[in-house]
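Q: Here it is, the structure, as structure tokens.
Number of protein chains: 2
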Amino acid sequence: MAKMNAFYAQSGGVTAVINASACGVIETARQHKDKIGKVYAGHNGIIGALREELIDTSKETPSTIAALRHTPSGAFGSCRYKLKSLEQNRAEYERLIEVFKAHNIGYFFYNGGGDSADTCLKVSQLSKTLGYPIQAIHIPKTVDNDLPFTDNCPGFGSVAKYVAVSIKEAGLDVASMCDSSTKVFILEVMGRHAGWIAAAGGLAAEQEGDSPHIILFPEIAFDKAKFLKRVDECVKKFGFCAIVASEGAQYADGSFLADSGTVDAFGHKQLGGVAPTLATMVRQELGLKYHWALADYLQRAARHIASGTDVEQAYAVGKAAVEMAVAGKSGVMPAIIRGKGKRYSWSIGEAPLDQVANVERKMPRSFISKDGFSITEEARDYLLPLIQGEDNPPYKNGLPVYARLKKVKVEKKLSTAFKV
Amino acid sequence: MAKMNAFYAQSGGVTAVINASACGVIETARQHKDKIGKVYAGHNGIIGALREELIDTSKETPSTIAALRHTPSGAFGSCRYKLKSLEQNRAEYERLIEVFKAHNIGYFFYNGGGDSADTCLKVSQLSKTLGYPIQAIHIPKTVDNDLPFTDNCPGFGSVAKYVAVSIKEAGLDVASMCDSSTKVFILEVMGRHAGWIAAAGGLAAEQEGDSPHIILFPEIAFDKAKFLKRVDECVKKFGFCAIVASEGAQYADGSFLADSGTVDAFGHKQLGGVAPTLATMVRQELGLKYHWALADYLQRAARHIASGTDVEQAYAVGKAAVEMAVAGKSGVMPAIIRGKGKRYSWSIGEAPLDQVANVERKMPRSFISKDGFSITEEARDYLLPLIQGEDNPPYKNGLPVYARLKKVKVEKKLSTAFKV
Numbered sequence: 001m002a003k004m005n006a007f008y009a010q011s012g013g014v015t016a017v018i019n020a021s022a023c024g025v026i027e028t029a030r031q032h033k034d035k036i037g038k039v040y041a042g043h044n045g046i047i048g049a050l051r052e053e054l055i056d057t058s059k060e061t062p063s064t065i066a067a068l069r070h071t072p073s074g075a076f077g078s079c080r081y082k083l084k085s086l087e088q089n090r091a092e093y094e095r096l097i098e099v100f101k102a103h104n105i106g107y108f109f110y111n112g113g114g115d116s117a118d119t120c121l122k123v124s125q126l127s128k129t130l131g132y133p134i135q136a137i138h139i140p141k142t143v144d145n146d147l148p149f150t151d152n153c154p155g156f157g158s159v160a161k162y163v164a165v166s167i168k169e170a171g172l173d174v175a176s177m178c179d180s181s182t183k184v185f186i187l188e189v190m191g192r193h194a195g196w197i198a199a200a201g202g203l204a205a206e207q208e209g210d211s212p213h214i215i216l217f218p219e220i221a222f223d224k225a226k227f228l229k230r231v232d233e234c235v236k237k238f239g240f241c242a243i244v245a246s247e248g249a250q251y252a253d254g255s256f257l258a259d260s261g262t263v264d265a266f267g268h269k270q271l272g273g274v275a276p277t278l279a280t281m282v283r284q285e286l287g288l289k290y291h292w293a294l295a296d297y298l299q300r301a302a303r304h305i306a307s308g309t310d311v312e313q314a315y316a317v318g319k320a321a322v323e324m325a326v327a328g329k330s331g332v333m334p335a336i337i338r339g340k341g342k343r344y345s346w347s348i349g350e351a352p353l354d355q356v357a358n359v360e361r362k363m364p365r366s367f368i369s370k371d372g373f374s375i376t377e378e379a380r381d382y383l384l385p386l387i388q389g390e391d392n393p394p395y396k397n398g399l400p401v402y403a404r405l406k407k408v409k410v411e412k413k414l415s416t417a418f419k420v
Numbered sequence: 001m002a003k004m005n006a007f008y009a010q011s012g013g014v015t016a017v018i019n020a021s022a023c024g025v026i027e028t029a030r031q032h033k034d035k036i037g038k039v040y041a042g043h044n045g046i047i048g049a050l051r052e053e054l055i056d057t058s059k060e061t062p063s064t065i066a067a068l069r070h071t072p073s074g075a076f077g078s079c080r081y082k083l084k085s086l087e088q089n090r091a092e093y094e095r096l097i098e099v100f101k102a103h104n105i106g107y108f109f110y111n112g113g114g115d116s117a118d119t120c121l122k123v124s125q126l127s128k129t130l131g132y133p134i135q136a137i138h139i140p141k142t143v144d145n146d147l148p149f150t151d152n153c154p155g156f157g158s159v160a161k162y163v164a165v166s167i168k169e170a171g172l173d174v175a176s177m178c179d180s181s182t183k184v185f186i187l188e189v190m191g192r193h194a195g196w197i198a199a200a201g202g203l204a205a206e207q208e209g210d211s212p213h214i215i216l217f218p219e220i221a222f223d224k225a226k227f228l229k230r231v232d233e234c235v236k237k238f239g240f241c242a243i244v245a246s247e248g249a250q251y252a253d254g255s256f257l258a259d260s261g262t263v264d265a266f267g268h269k270q271l272g273g274v275a276p277t278l279a280t281m282v283r284q285e286l287g288l289k290y291h292w293a294l295a296d297y298l299q300r301a302a303r304h305i306a307s308g309t310d311v312e313q314a315y316a317v318g319k320a321a322v323e324m325a326v327a328g329k330s331g332v333m334p335a336i337i338r339g340k341g342k343r344y345s346w347s348i349g350e351a352p353l354d355q356v357a358n359v360e361r362k363m364p365r366s367f368i369s370k371d372g373f374s375i376t377e378e379a380r381d382y383l384l385p386l387i388q389g390e391d392n393p394p395y396k397n398g399l400p401v402y403a404r405l406k407k408v409k410v411e412k413k414l415s416t417a418f419k420v
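Top to bottom, those sequences are chains C and A. Residue 266 in the working numbering sits at position 266 of the first sequence, and the numbers go up by one each step. Residue 77 in the working numbering sits at position 77 of the second sequence, and the numbers go up by one each step.
Written out as structure tokens, the structure reads:
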């Protein structure tokens with residue numbers, strides 16, 4: 001193939017390490033100048049391609065690109081936007097091809113979760129469906145840890161570490177105050193459909209009595225009486241009770257403990273507010289003093305406490321994506337493969353996109369204890385390696401120094417605008 | 001004075017560095033074995049003295065005591081308990097003396113905020129009022145940063161750093177998503193009466209457009225129309241709006257936003273929380289998608305992101321307290337004195353407790369911009385040195401390793417119990 005430019009875009013909710021993948025893509029592409037021309041990043045994800053808003057990453061210095069490795073969020077802008085099927089919105093695909101042609105783009109790197117894998121798959125099929133030759137590689141990213149094939153998803157390990165560290169620290173706080181003050185503490189964490197993130201909180205409990213004492217998973221039907229009984233038992237036994245609650249915690253009938261009634265662009269329900277709901281129960285039924293925290297974006301943006309393993313893997317999948325493209329591959333995703341030995345090891349494998357797209361990996365029931373309130377040794381064995389290692393960003397004036405990009409736009413070549 | 005034992009207690013809400021003060025007290029006392037016998041820590045603060053529940057810190061190894069320096073929360077237990085005046089509850093003071101006598105205690109180190117300074121002052125007067133000779137030294141601690149005399153309070157710098165880092169990171173997250181998703185983000189922080197902590201969030205805004213774009217202080221009457229107008233302007237100008245809101249934000253009539261009695265966006269009765277209250281306004285009046293976080297205990301327990309300066313100062317005031325006691329002083333508090341030079345420096349001075357107790361230091365109006373939504377250069381000059389330096393705890397298995405004390409209780413010598 002002649003030397004072509006590459007398009008890179010970030011998609012869906014961002015993470016503490018998605019820019020490490022961007023760093024892996026750009027640095028590796030720069031090492032393959034014989035095959036890859038420039039890397040154009042979509043401004044605000046795939047929307048940037050549709051609008052012909054491309055950021056010329058060649059205008060960024062090597063040190064700025066290197067700094068992406070320790071910068072949270074999506075440096076080029078991300079979006080919540082899912083391409084419809086070719087039949088439903090052919091115009092979008094034709095527009096993509098128009099933009100790719102105008103900018104000599106032959107490589108498509110899409111950095112996202114399950115919905116994005118679906119988009120990437122559709123783009124990989126453009127050669128067949130619309131006759132435009134393009135190699136599309138999906139780069140895994142999601143704090144939800146729900147992509148199949150890959151052992152884990154970049155972004156998850158850092159949220160896991162944040163949640164485990166946070167409940168450990170807040171638990172110590174409550175322990176020291178519980179004799180005369182707060183007795184119940186609830187930390188609400190992300191995880192609409194699966195309890196991966198909530199489970200990670202369980203890593204903080206290293207010894208009997210350690211926080212968290214209760215974890216609420218979306219996978220386990222919430223039973224108010226059982227929950228309150230357990231809270232009461234913990235307070236009697238340990239003096240306090242520290243709880244990690246998934247935002248997706250739900251009743252047996254599938255209704256969420258906190259349902260905002262609003263939906264995001266992908267049609268997913270927007271959740272929030274499990275912690276105050278639980279707190280009200282604790283106060284009304286047990287009369288105990290409580291505090292609660294809702295970490296929200298703090299948990300997925302917390303690059304300052306990122307997992308070193310996560311950072312390495314995020315970089316590695318970006319690097320591998322470019323290497324796969326250079327090797328002539330398309331319609332695939334670099335996946336993290338866990339080694340079989342007792343000691344944790346990992347390598348990069350390859351997953352076919354048509355089997356990745358729209359498949360949601362559930363957390364095994366065997367990760368949750370019989371009583372439904374904690375994690376098992378099996379879960380611990382899986383989770384613990386993912387939070388290993390610290391990868392501190394540089395600091396100046398007491399604050400982390402994160403990359404500031406110039407974001408020079410590529411000159412538009414098309415006379416038509418496209419309304420997204 | 002003959003060799004006497006010391007009593008040390010932690011009081012009020014704990015911090016990321018109060019144990020660093022404990023470390024300073026115990027390590028320094030161990031260097032003065034000619035004058036100070038054992039250091040007995042109150043189990044759960046002053047309540048431990050009243051109940052004769054004393055922890056023998058001499059049973060802890062030097063490495064455990066050293067580990068207190070990097071351990072958040074109150075390792076010996078704290079309490080929210082204020083001694084009444086001698087006239088109102090003479091029995092409490094008589095009990096204290098009974099316990100002190102029984103355990104040969106001649107030094108009293110009390111580690112807390114304004115209320116605790118008052119208690120410490122009363123104890124320092126026991127020689128005069130009840131004829132029991134004791135030297136009482138107060139050790140400053142409060143995330144509220146509201147003690148007089150001292151330039152700042154140990155505990156505050158670390159919360160300040162946590163809040164500045166968190167809004168910087170979450171702000172980057174929102175910036176990358178705002179084109180097609182969340183446009184307004186609100187981080188609620190502590191500070192019921194003063195905006196010190198909220199102000200610290202302003203340190204993250206280093207350049208035009210940086211988060212936070214709006215800070216809500218308790219000192220500035222909340223004006224809904226003005227607030228919404230500013231949010232709207234920010235979204236139009238920067239694409240998004242990141243807000244730090246103090247839990248103490250209030251209307252002109254002094255009523256708290258958190259006590260507004262409204263129903264939140266999730267249809268639940270408002271459970272307290274400035275952030276959800278503001279979020280509801282943003283949604284109802286501007287129709288913008290929002291997210292919010294409530295850091296709660298996470299902010300004051302976050303030893304993993306503690307300020308190096310704060311850790312040093314917390315240790316130093318503990319050390320100085322013992323040195324003052326050994327020098328025969330009583331009724332005083334080590335205070336942090338800021339050097340006069342352009343370059344930040346500090347030393348330890350001495351404040352008379354009768355002028356510290358029950359005096360609340362307000363944040364100067366000159367720290368807040370004219371429009372009431374951000375901090376001034378004067379505030380930045382004051383705050384920035386306090387978050388300098390990183391002091392990472394050791395990690396094992398991906399998690400910080402915090403001290404685990406044996407907490408061996410001193411054998412009780414009194415036959416009477418005391419009901420607190």
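We treat Cβ as the ideally placed atom computed from N, Cα and C, and that holds for glycine.
If I measure Cβ to Cβ from A:Tyr315 and keep anything under 7 Å in the same chain, skipping five residues before and after, which residues do I get?
A: Within the second sequence, the letter at position 315 stands for residue 315 of chain A. Contacts found: Ala20, Ser21, Cys23, Gly24, Arg69.
Q: What are the boundary residues of the beta strand (DSSP E) that C:Arg338 is part of?
A: Taking the first sequence and counting its residues from 1, one reaches residue 338 of chain C at position 338. It spans 332 to 338 - the beta strand (DSSP E) in which C:Arg338 sits, taken as one unbroken run.
Q: Measuring CB atoms only, is the region 148 to 164 of chain C touching the region 173 to 184 of chain C, in the sense that at least three cross pairs come out at less than 8 Å?
A: Segments in contact, no.
Q: Indicate the three-state DSSP secondary structure (helix, strand or coil) for C:Val282 in the structure shown.
A: In the first sequence, residue 282 of chain C corresponds to position 282, counting from 1. In this structure, C:Val282 counts as helix in the three-state DSSP scheme.
Q: Taking the straight line between their C-alpha atoms, what separation do you get for C:Val165 and C:Gly273?
A: The residue labelled residue 165 of chain C in the question sits at position 165 within the first sequence. The residue labelled residue 273 of chain C in the question sits at position 273 within the first sequence. Looking at the two C-alpha atoms, the distance is approximately 21 Å.
Q: Just the chain C side, please: which residues come within less than 7 Å of A:Ile47 by C-beta, in chain order?
A: For the purposes of this step, residue 47 of chain A is taken as residue 47 along the second sequence, with counting starting at 1. Going along chain C in sequence order, the residues near A:Ile47 (Cβ under 7 Å) are Asp179, Ser180.
Q: Report buried or exposed for C:Ser330, applying the criterion of at least 16 other Cβ atoms within 10 angstroms of its Cβ.
A: Position 330 of the first sequence, counted from the first residue, corresponds to residue 330 of chain C. The residue in question, C:Ser330, is buried, as its Cβ has 16 or more Cβ neighbours within 10 Å.
Q: Count the other CB atoms within 10 Å of the CB of A:Ala225; is the residue buried (16 or more) or exposed (fewer)?
A: Here residue 225 of chain A refers to the residue found at position 225 when the second sequence is read from its first residue. Exposed: under 16 other Cβ atoms inside 10 Å.
Q: For a contact defined as C-beta to C-beta under 7 Å, what are the partners of C:Arg80 on chain A?
A: Working through the first sequence from its first residue, we reach residue 80 of chain C at position 80. Within chain A, the residues near C:Arg80 are Ser180, Ser181.
Q: Would you mind reading off the limits of the beta strand (DSSP E) that contains C:Phe364?
A: In the first sequence, residue 364 of chain C corresponds to position 364, counting from 1. Before going on, a small fix: residue 364 of chain C reads as Pro here, not Phe. Counting along the chain, C:Pro364 falls outside any beta strand (DSSP E), and DSSP gives it neither H nor E.
Q: Spell out whether any CB of chain A is found under 8 Å from the CB atom of C:Gly77.
A: In the first sequence, residue 77 of chain C corresponds to position 77, counting from 1. Chain A, which has a Cβ nearer than 8 Å to the Cβ of C:Gly77, makes this yes.
Q: Does DSSP put A:Asn5 in a helix, a strand or coil?
A: The count along the second sequence starts at 1 and reaches residue 5 of chain A at position 5. Strand.
Q: Could you tell me the distance, in whole angstroms, from the CA atom of A:Lys409 to the CA atom of A:Ile55?
A: Working through the second sequence from its first residue, we reach residue 409 of chain A at position 409. Working through the second sequence from its first residue, we reach residue 55 of chain A at position 55. Roughly 4 Å separates the two Cα atoms.
Q: Compare the C-alpha of A:Lys122 against each of A:Ala102, A:Asn89, A:Leu257 and name the closest.
A: What you label residue 122 of chain A is simply residue 122 of the second sequence in a count that begins at 1. Ranking A:Ala102, A:Asn89, A:Leu257 by Cα distance to A:Lys122 puts A:Asn89 first.
Q: Give, in chain order, every unbroken run of the beta strand (DSSP E) that is at least 3 residues long and sits entirely within the region 26 to 106 of chain A.
A: Here the runs fully enclosed are 36 to 42, 54 to 56.
Q: Compare the Cα-Cα distances from C:Lys33 to each of C:Ser11, C:Ala6, C:Gly12 and report the closest residue.
A: For the purposes of this step, residue 33 of chain C is taken as residue 33 along the first sequence, with counting starting at 1. When only C-alpha atoms are compared, the closest one is C:Ala6.
Q: For a quick check, are the C-beta atoms of A:Ile186 and A:Ala249 less than 8 Å apart?
A: In the second sequence, counting from the first residue as 1, residue 186 of chain A sits at position 186. In the second sequence, counting from the first residue as 1, residue 249 of chain A sits at position 249. Result no, Cβ atoms of A:Ile186 and A:Ala249 do not sit closer than 8 Å.
Q: Opposite C:Cys241 in the DSSP bridges: which residues?
A: On the first sequence, residue 241 of chain C is found 241 positions in, with the first residue counted as 1. In DSSP, C:Cys241 forms a bridge with C:Val184.
Q: Out of A:Ala204, A:Val322, A:Glu390, which one is the CA nearest neighbour of A:Phe108?
A: Along the second sequence, one-based indexing puts residue 108 of chain A at 108. Closest by alpha carbon: A:Val322.
Q: What is the residue span of the beta strand (DSSP E) that A:Gln135 lies within?
A: By one-based count along the second sequence, residue 135 of chain A stands at place 135. A:Gln135 -> beta strand (DSSP E) spans 135 to 140.
Q: Chain C partners of A:Ser347, CB-CB under 8 Å?
A: The count along the second sequence starts at 1 and reaches residue 347 of chain A at position 347. Near A:Ser347 there are no residues of chain C at all, since even the closest Cβ is about 20 Å away, more than 8 Å.
Q: Under a three-way DSSP split, which group does A:Val143 fall into?
A: Here residue 143 of chain A is taken as the residue at index 143 of the second sequence, counted from 1. Looking at A:Val143 - three-state DSSP - the assignment turns out to be coil, as it is neither helix nor strand.
Q: Since C:Gly112 sits in a beta bridge, which residues does DSSP pair it with?
A: Taking the first sequence and counting its residues from 1, one reaches residue 112 of chain C at position 112. C:Gly112 is bridged to C:Pro140.
Q: Measuring only the C-alpha atoms, how far is C:Lys82 from C:Phe222?
A: For the purposes of this step, residue 82 of chain C is identified with residue 82 of the first sequence, where counting begins at 1. For the purposes of this step, residue 222 of chain C is identified with residue 222 of the first sequence, where counting begins at 1. When rounded, the distance between both Cα atoms is 32 Å.
Q: Does A:Asn44 get closer than 8 Å to chain C when you measure Cβ to Cβ?
A: Position 44 of the second sequence, counting from 1, holds the residue named residue 44 of chain A. Taking Cβ atoms only, chain C reaches closer than 8 Å to A:Asn44, which makes this a yes.
Q: Would you say A:Gln388 reaches chain C, if we count a Cβ-Cβ gap shorter than 8 Å as a contact?
A: Here residue 388 of chain A refers to the residue found at position 388 when the second sequence is read from its first residue. Judged by the 8 Å Cβ criterion, A:Gln388 is in contact with chain C.
Q: Can you give me, in chain order, the residues of the region 393 to 410 of chain A that have a beta carbon less than 9 Å from any beta carbon in chain C?
A: For the region 393 to 410 of chain A, which is checked against every Cβ of chain C, the residues closer than 9 Å are Tyr395, Asn397, Gly398, Leu399, Pro400, Tyr402, Arg404.
Q: Under the DSSP definition of a beta bridge, which residues are partnered with A:Lys409?
A: Against the second sequence, residue 409 of chain A aligns to sequence position 409. DSSP lists A:Ile55 as partners of A:Lys409.
Q: Give the straight-line distance between the Cα atoms of A:Met177 and A:Val420, rounded to the nearest whole angstrom.
A: For the purposes of this step, residue 177 of chain A is taken as residue 177 along the second sequence, with counting starting at 1. For the purposes of this step, residue 420 of chain A is taken as residue 420 along the second sequence, with counting starting at 1. Spanning the two alpha carbons is a distance of roughly 53 Å.
Q: Do you know whose CA, among C:His213, C:Ala252, C:Glu94, lies nearest C:Lys237's CA?
A: Mapped onto the first sequence, residue 237 of chain C falls at position 237. With distances taken between Cα atoms, C:Lys237 lies closest to C:His213.
Q: So C:Pro154 packs on A:Glu169, CB below 8 Å; how close in whole Å?
A: Position 154 of the first sequence, counting from 1, holds the residue named residue 154 of chain C. Position 169 of the second sequence, counting from 1, holds the residue named residue 169 of chain A. Their Cβ separation, rounded to whole angstroms, is 17 Å, which puts C:Pro154 and A:Glu169 out of contact at 8 Å.
Q: DSSP state of C:Asp253, grouped into three classes?
A: Your numbering for residue 253 of chain C matches position 253 in the first sequence. Residue state, collapsed to three classes: coil.
Q: Using a Cβ-Cβ distance under 8 Å, would A:His32 count as near chain C?
A: Residue numbering aside, residue 32 of chain A sits at position 32 when the second sequence is read from its first letter. No, because no Cβ of chain C sits closer than 8 Å to the Cβ of A:His32.
Q: Can you tell me whether C:Thr57 is buried or exposed, with buried defined as 16 or more other CB within 10 angstroms of its CB?
A: Here residue 57 of chain C corresponds to residue number 57 of the first sequence, with the count starting at 1. C:Thr57 should be labelled buried.
Q: Among residues of its own chain, excluding the 5 on either side of C:Leu414, which ones have a beta-carbon nearer than 8 Å to its beta-carbon?
A: In the first sequence, the residue the question calls residue 414 of chain C occupies position 414. Taken in chain order, the residues that qualify are Glu52, Glu98, Val99, Ala102.
Q: What's the C-alpha gap between A:Glu390 and C:Pro393?
A: If you number the second sequence from 1, residue 390 of chain A lands on position 390. If you number the first sequence from 1, residue 393 of chain C lands on position 393. A:Glu390 and C:Pro393: Cα-Cα distance of roughly 11 Å.
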